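First comes the structure, then the notes that go with it.
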Ligand SMILES: Nc1ncnc2c1ncn2[C@@H]1O[C@H](COP(=O)(O)OP(=O)(O)O)[C@@H](O)[C@H]1O
Ligand SMILES: [Mg+2]
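Chains as they are written, first to last, in my numbering: chain G, 1 to 283; chain C, 1 to 271.
Put into structure tokens, the structure is as follows:
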């Protein structure tokens, strides 16, 4: 059970006057249960890559294998793929359409051909998982706050019970509190439901705390693909392509340059605090 | 997905046609249309085709790019042609069962197909070489005389330019919403008509909401910058006729005279 991306390239508006490179020779293997962060500045091809993973865009070159099957094969059931690889778009609240929150979340499972009862059970379950307040599930989705709308939209994808959940910039446009809530909820999904999660973001601070692996994109290709510790140790190169390491990385590097014997490969504020405390104790 | 529609899109490049004053292009397009309805023989159409071919060549817009946008209209063209083919009375050339095809019918069908193609290519040449802003500027200035009879020319022009500006944005938005619903397992292609119309609801509702939201935002932004209609409003780049525009008008006049004269001359008649 895994998703393998094999040397794919994609060009937007291929035969018009203005072709744009979307992806250039991207290869990626996504094993089960991993929590992956995909980072890159705006226009680096993150969203394009994500839309390939569930077959919304067909690569100009290369192939994608899901559970050992080529998704570009004739007769491959793309609808089924899309239920297994759930994609939550950027600003997903813009896709809400039904009269009630509950009806909207039922839309996905309904499309899978489940009967009404199953749909409703799944919708209810999904709304609970995203921490949506139960008393609001029969209100109109358009009356909700931004953060709540986003939860509903995420629940709409979760209700299809995907094996892999992709979230394209799920924190865009949220305030710090909304951001932390959404990220915490995603982490919980990964831990409790054992889902494979791909979290797209342009901010290292968003993903540093949570992910097992970071894929850095630049100009449509993969620039780095490694554990957070290794990726952040390249913080100088990251700056050259318009990104930055999390703030703690800078602090630890500055401390170590000042002669403090601290390890620089910490990724979270908590780890950094522990490391500094330990270092101070030893001296 | 929806980006294949080129009708009404601007094609960015440097050419004489692009640089022409929008009023020349607007009037030219209208006169070209009128000329198409004056012809009575194939010579007129031949001249129109040559004229259009030269304009396309000068505009540097790839012909294929232009034709791709016509796909949607081919159905209409074929349909009208067929209706004319079977419904025109005259000297029968072919008849089977209850259908007769007449010589006049064939000529009519071809004429209609040629005329519609010329109309479409003619208008797309204008929109492909003129930015929407330029186009509405041209309209506003060219139709200013209508203000005398209380036609709100500026307001109409402003509405048109906003509408034109929104077309690509809404297309992009539709594409996004469609993809988002496809990701939720939507099936837009199979089933009967009712099923398909029903499948459009999850796309249309968010699309309308987004269109209203954008319209509202734009109105607020315009008011915040003290927009109050056309009176006393000046332009950063006022339209001014150049020498090439005069040349274009002369060429246009020559085309009209020659094509309509030859296009109506009885010696070329074939009907
Ligand atoms: N629908 C589209 N049509 C044409 N070009 C596009 C489209 N979507 C994205 N692009 C282009 O593809 C490149 C990658 O975009 P995208 O994948 O959206 O980047 P990111 O999500 O990292 O910001 C950009 O140069 C962008 O302009
Ligand atoms: Mg993006």
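Glycine residues also receive a C-beta, built at the ideal position from the N, C-alpha and C atoms.
Just so you know, these numbers come straight off a predicted model, no measurement behind them.
Set against 8 Å, the gap from the CB of residue 47 of chain G to the closest heavy atom of ligand 2 is smaller. Here residue 208 of chain G is buried. Its C-beta has 16 or more other C-beta atoms within 10 Å. Neighbours of residue 205 of chain C in chain G, taken as residues at a C-beta separation under 9 Å, are given in chain order as 96, 97 and 98. Under the three-state reduction of DSSP output, residue 221 of chain G falls in the strand class. Looking only at C:126, C:39 and C:42, the smallest Cα-Cα distance to residue 61 of chain C is reached by C:126. Residue 7 of chain G sits close to residue 26 of chain G, with the two beta carbons spaced by under 9 Å. Residue 50 of chain C and residue 238 of chain C have their C-alpha atoms spaced approximately 33 Å apart. With a threshold of 8 Å, the Cβ atom of residue 206 of chain G does not count as near ligand 1, since no heavy atom of the ligand is closer than that.
The alpha-carbon of residue 150 of chain C is positioned some 42 Å away from that of residue 265 of chain C. For the pair residue 137 of chain G and residue 153 of chain G, the Cα-to-Cα distance works out to about 13 Å. Around the beta-carbon of residue 195 of chain G, 16 or more other beta-carbon atoms lie within 10 Å, marking it buried.
According to DSSP, residue 69 of chain G shares a beta bridge with G:66. For residue 187 of chain C, the residues of chain G that pass the 8 Å Cβ criterion are 79 and 111, in the order they occur in the chain.
Secondary structure at residue 258 of chain C: helix, using DSSP grouped into helix, strand and coil.
Rounded to the nearest angstrom, the Cβ distance from residue 91 of chain C to residue 102 of chain C is 6 Å, consistent with a contact under 8 Å. Listed along the chain, the chain G residues whose CB falls inside 8 Å of the CB of residue 210 of chain C are 94. When the five nearest sequence neighbours on each side are left out, the beta carbons in the same chain lying within less than 6 Å of the beta carbon of residue 122 of chain G are those of 109 and 159, in order along the chain. If you check the C-beta of residue 178 of chain C against ligand 1, you find no heavy atom less than 8 Å away.
Taking C-beta separations shorter than 6 Å and ignoring five residues to either side along the sequence, the partners of residue 202 of chain C in its chain run 181, following chain order. Interface annotation, residue 83 of chain G: in contact with chain C, CB-CB separation under 9 Å. Counting the other Cβ atoms within 10 Å of the Cβ of residue 140 of chain C gives 16 or more, which makes it buried. Contact of residue 156 of chain G with chain C by beta-carbon distance below 9 Å involves 184. For residue 52 of chain G, the secondary structure class from DSSP, reduced to helix, strand or coil, is helix. Across the stretch 53-78 of chain C, CB contacts with chain G closer than 9 Å involve 61, 62, 64, 65 and 68, in sequence order along the chain. Within the DSSP bridge table, the entry for residue 247 of chain C names no partner. DSSP, reduced to helix, strand and coil, places residue 210 of chain G outside both helices and strands of the structure shown, so it counts as coil. Shown here, residue 186 of chain C sits in coil according to DSSP, grouped into three states, outside any helix or strand.
For residue 95 of chain C, the secondary structure class from DSSP, reduced to helix, strand or coil, is strand. The alpha-carbon separation between residue 145 of chain G and residue 128 of chain G amounts to approximately 17 Å. By the neighbour-count definition (other C-beta atoms within 10 Å, threshold 16), residue 204 of chain G is a buried residue.
Here residue 60 of chain C carries a coil assignment [DSSP, helix/strand/coil].
A straight-line Cα-Cα distance of about 41 Å links residue 125 of chain G and residue 235 of chain G.
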